[in-house]
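Read in order, the letters of the sequence shown are residues 269 to 856 in the working numbering.
Glycine residues also receive a C-beta, built at the ideal position from the N, C-alpha and C atoms.
This report refers to the structure that appears directly beneath it.
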Amino acid sequence: MSEVKTKTKKKYTLFTGKQLLWLILPIVIEQIFSTSLGLFDSLLASNMPIVGAATAEEAAAIRSNASLAVDNVDNINNLIIQLFSAFATGGAIVTSQFLGAGDIDGANRSAKQMLMLVICISTVIGGLCLALNWPLLKLFYMEVDETTFSFQQTYFYVTAASFPFIGLFNACAALLRAQRKSFVTMASAAMSCVVNVGLDALFLFVFKMGVLGAALATLFCRAAPAIFMLVLLGSRKNTVCVRVFEKFSFDGKLIKRILKIAIPSGVESALFQLGKLLTKTFLNVGVYSSGAKSVVQVTEKGETVYVNVEANGNTIANQINNFASVAGGGVGTSCLTVIGQAVGAGDPDQVKYYMKRMFLLSYIVNAVCVGVILSLVPFISQMYGYRPEAKTIGEQCLYFCLAFQFVTYPLSFTTPGILKATSDVKYVMYCAVISMFVMRVGLAYILTTDDIPGLPQMGAMGYWIGMCSDWVLRSLLFFSRLLSGRWKRASGLIRETARPSGSGGDGSSDGADDLPTEEADMLKSVETGEGSDLNGSREIKADGDIPQSEEYGENGQDDQSFESEEKDRSIENDKDAATDKSADGEGE
Numbered sequence: 269m270s271e272v273k274t275k276t277k278k279k280y281t282l283f284t285g286k287q288l289l290w291l292i293l294p295i296v297i298e299q300i301f302s303t304s305l306g307l308f309d310s311l312l313a314s315n316m317p318i319v320g321a322a323t324a325e326e327a328a329a330i331r332s333n334a335s336l337a338v339d340n341v342d343n344i345n346n347l348i349i350q351l352f353s354a355f356a357t358g359g360a361i362v363t364s365q366f367l368g369a370g371d372i373d374g375a376n377r378s379a380k381q382m383l384m385l386v387i388c389i390s391t392v393i394g395g396l397c398l399a400l401n402w403p404l405l406k407l408f409y410m411e412v413d414e415t416t417f418s419f420q421q422t423y424f425y426v427t428a429a430s431f432p433f434i435g436l437f438n439a440c441a442a443l444l445r446a447q448r449k450s451f452v453t454m455a456s457a458a459m460s461c462v463v464n465v466g467l468d469a470l471f472l473f474v475f476k477m478g479v480l481g482a483a484l485a486t487l488f489c490r491a492a493p494a495i496f497m498l499v500l501l502g503s504r505k506n507t508v509c510v511r512v513f514e515k516f517s518f519d520g521k522l523i524k525r526i527l528k529i530a531i532p533s534g535v536e537s538a539l540f541q542l543g544k545l546l547t548k549t550f551l552n553v554g555v556y557s558s559g560a561k562s563v564v565q566v567t568e569k570g571e572t573v574y575v576n577v578e579a580n581g582n583t584i585a586n587q588i589n590n591f592a593s594v595a596g597g598g599v600g601t602s603c604l605t606v607i608g609q610a611v612g613a614g615d616p617d618q619v620k621y622y623m624k625r626m627f628l629l630s631y632i633v634n635a636v637c638v639g640v641i642l643s644l645v646p647f648i649s650q651m652y653g654y655r656p657e658a659k660t661i662g663e664q665c666l667y668f669c670l671a672f673q674f675v676t677y678p679l680s681f682t683t684p685g686i687l688k689a690t691s692d693v694k695y696v697m698y699c700a701v702i703s704m705f706v707m708r709v710g711l712a713y714i715l716t717t718d719d720i721p722g723l724p725q726m727g728a729m730g731y732w733i734g735m736c737s738d739w740v741l742r743s744l745l746f747f748s749r750l751l752s753g754r755w756k757r758a759s760g761l762i763r764e765t766a767r768p769s770g771s772g773g774d775g776s777s778d779g780a781d782d783l784p785t786e787e788a789d790m791l792k793s794v795e796t797g798e799g800s801d802l803n804g805s806r807e808i809k810a811d812g813d814i815p816q817s818e819e820y821g822e823n824g825q826d827d828q829s830f831e832s833e834e835k836d837r838s839i840e841n842d843k844d845a846a847t848d849k850s851a852d853g854e855g856e
């Protein structure tokens with residue numbers, strides 16, 4: 269009688285439910301604090317006292333332009349910050365994989381390389397932005413009025429000086445999260461938020477420093493937590509301990525490995541933010557900033573001040589939507605640690621298990637967060653010191669985009685986080701860039717531009733239609749990749765095996781070569797008795813080393829040892845066959 273094999277469900281303990289909660293919750297709270305920096309700057313700038321304004325209407329117009337300037341510069345800052353985050357992400361993924369494989373020395377070495385790399389890059393970029401202040405602002409916002417442009421210059425000069433601190437904070441935060449110390453990063457983000465709000469209130473309402481005060485508050489609130497995080501990362505109690513002032517030299521192999529993840533991730537993140545920046549510039553063109561769709565204010569001196577209500581309404585929608593996205597974004601960020609360590613452990617089934625858990629968590633927290641924000645939209649929009657027309661536009665855009673976000677956000681943003689953690693970064697980069705420029709930029713341009721007569725000029729609503737279309741396309745591209753299982757090749761969890769040219773002594777084909785690749789590999793694995801993954805397609809590598817594909821080279825399985833194992837297995841099979849044949853002869 270044939271034995272019936274019962275499939276027992278494995279219990280995975282790399283991350284328990286409680287551990288996942290205490291990893292994700294602080295990250296979500298941290299992102300709430302981080303997101304609030306730009307929100308509080310714009311909110312307080314839109315309500316700050318204006319010295320020298322003759323009428324309340326003139327003061328309101330100046331406040332609207334000051335708040336718009338802060339939001340415009342924050343868009344450029346976010347583009348540059350994405351580059352720092354990408355390098356931090358690359359290093360954190362490599363460090364997580366080292367930790368998952370139990371290689372503490374490798375984790376420490378990769379962490380030090382990443383930290384020093386980010387510090388160097390952020391310092392250089394900060395210096396370039398200080399030197400190129402006027403050209404960069406003219407490149408993106410050439411059609412804004414003179415008052416708004418002057419505010420932008422002031423704010424950009426000061427905030428560019430904070431870039432080295434932002435890079436340092438992102439690098440330290442990523443490394444501490446990789447060690448499951450997300451409470452520390454949450455506390456640092458809380459410190460930054462408190463310092464920002466306190467200094468904003470002091471500089472704007474007590475010293476009445478205007479946009480300069482908001483910029484100085486941002487500089488100080490970024491410097492303090494960055495230094496605090498660096499001190500914490502240098503503690504000898506940490507599994508990964510990094511001290512920047514100890515002897516150091518760059519390791520070419522480790523830097524190359526970090527860059528293989530960081531560069532595609534950086535290109536994807538930077539182009540994503542560039543797309544957001546480009547679409548926002550569509551709302552600063554003539555028809556909105558000083559044309560038919562703007563609101564005109566005339567001062568007592570006879571000066572004309574234009575108010576771009578479409579851009580103001582879009583600022584409201586963007587900043588409130590950022591809050592609705594923090595929970596889903598926190599889950600996506602935590603995927604780098606959870607999935608990265610699962611990949612390092614080398615068990616594909618365990619990786620799939622945690623992928624499913626992260627998706628479930630993403631949908632739950634996203635639904636809760638979006639539901640709460642939806643109910644608060646009318647109250648939050650009234651906190652801005654903008655004209656009523658701008659508030660109405662912002663509310664309409666929010667209701668539209670939040671309806672899409674219920675379904676598409678986890679698929680379009682948690683999925684790429686999972687794929688990045690498996691080192692499948694090139695696919696993420698290509699798809700994100702294509703979706704960005706086809707849907708978000710291309711469609712938004714058609715719906716908002718005043719360059720081509722006859723187009724609808726939908727303003728802020730056209731911007732959000734383009735963005736939501738981008739979410740839908742991203743969801744389809746990323747989730748289909750996850751279902752295909754091809755991420756396993758990038759992660760190194762599976763490896764191509766050499767196919768025999770045929771079977772039997774005559775060298776005739778065994779028929780597998782005529783099959784599609786996946787089915788042929790499945791047939792080979794069944795015939796040779798080799799272990800296969802869930803799809804039965806390829807041999808699983810689950811040793812103590814960090815799984816790497818042949819493409820990534822380092823720490824991969826040695827080809828000679830692989831061939832030796834195949835040869836030993838073949839000899840054992842021959843011996844078993846000879847034994848069986850002998851037994852059959854005795855029986856006869």
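Does the separation of the CB atoms of residue i and residue j fall below 8 Å?
i	j	result
residue 307	residue 605	no
residue 370	residue 526	no
residue 588	residue 690	no
residue 712	residue 661	no
residue 688	residue 361	yes
residue 472	residue 316	yes
residue 422	residue 483	yes
residue 322	residue 478	no
residue 623	residue 599	no
residue 311	residue 651	yes
residue 491	residue 364	no
residue 715	residue 721	no
residue 583	residue 339	yes
residue 386	residue 435	yes
residue 580	residue 700	no
residue 303	residue 590	yes
residue 704	residue 543	yes
residue 347	residue 530	no
residue 330	residue 602	no
residue 390	residue 424	no
residue 461	residue 301	yes
residue 314	residue 639	no
How long is the line joining the alpha carbons of residue i and residue j, rounded to whole angstroms?
i	j	result
residue 288	residue 576	44 Å
residue 444	residue 593	22 Å
residue 487	residue 429	7 Å
residue 620	residue 596	19 Å
residue 282	residue 519	30 Å
residue 522	residue 438	19 Å
residue 610	residue 368	6 Å
residue 378	residue 669	40 Å
residue 698	residue 749	12 Å
residue 753	residue 562	51 Å
residue 463	residue 427	15 Å
residue 839	residue 616	In this prediction, residue 839 scores a pLDDT of 49, lower than 50, which makes its location untrustworthy; the coordinate-derived value is nonetheless stated afterwards. Going by the C-alpha atoms only, they are around 28 Å apart.
residue 573	residue 328	10 Å
residue 355	residue 384	11 Å
residue 732	residue 665	7 Å
residue 694	residue 656	45 Å
residue 395	residue 381	22 Å
Please work out which residues of its chain come closer than 7 Å, Cβ to Cβ, to residue i, disregarding the five sequence neighbours upstream and downstream, and give them in chain order.
i	result
residue 404	344 and 397
residue 641	588, 591, 592 and 670
Among the residues of its own chain, which have a CB less than 8 Å from the CB of residue i, if the five just before and after it don't count?
i	result
residue 420	337, 340, 341, 405, 409 and 412
residue 401	421, 424, 425 and 428
Within a Cβ cutoff of 6 Å, which residues of the same chain sit near residue i, ignoring the five residues on either side of it in sequence?
i	result
residue 374	366
residue 280	618 and 621
residue 299	594, 597 and 598
residue 459	493
residue 549	408
residue 485	464, 467, 468 and 471
Just to check, is the beta-carbon of residue i closer than 7 Å to a non-hydrogen atom of the ligand MN?
i	result
residue 535	Questions concerning the ligand MN fall outside what the structure shown contains, since it holds no ligand whatsoever.
Does the pairing of the segment 737 to 756 with the segment 684 to 694 give three or more beta-carbon distances under 8 Å? yes
Under 8 Å: do the segment 495 to 506 and the segment 445 to 454 share three or more Cβ pairs, one atom per stretch? yes
Secondary structure, alpha helix (DSSP H): runs of 4+ residues fully inside the segment 280 to 320: 285 to 313
Could you give the uninterrupted runs of the alpha helix (DSSP H) lying entirely in the segment 709 to 733, keeping only those of 4 residues or more? 712 to 716
Extract the residue ranges of the beta strand (DSSP E) inside the segment 509 to 580, only unbroken runs of 3 or more that lie entirely within it. 563 to 566 and 572 to 575
Enumerate, from N- to C-terminal direction, the unbroken beta strand (DSSP E) stretches of 3 or more residues contained entirely within the segment 584 to 609. none
Could I get the ranges of all uninterrupted alpha helix (DSSP H) runs contained in the segment 373 to 413, with 4 residues as the minimum, in chain order? 401 to 408
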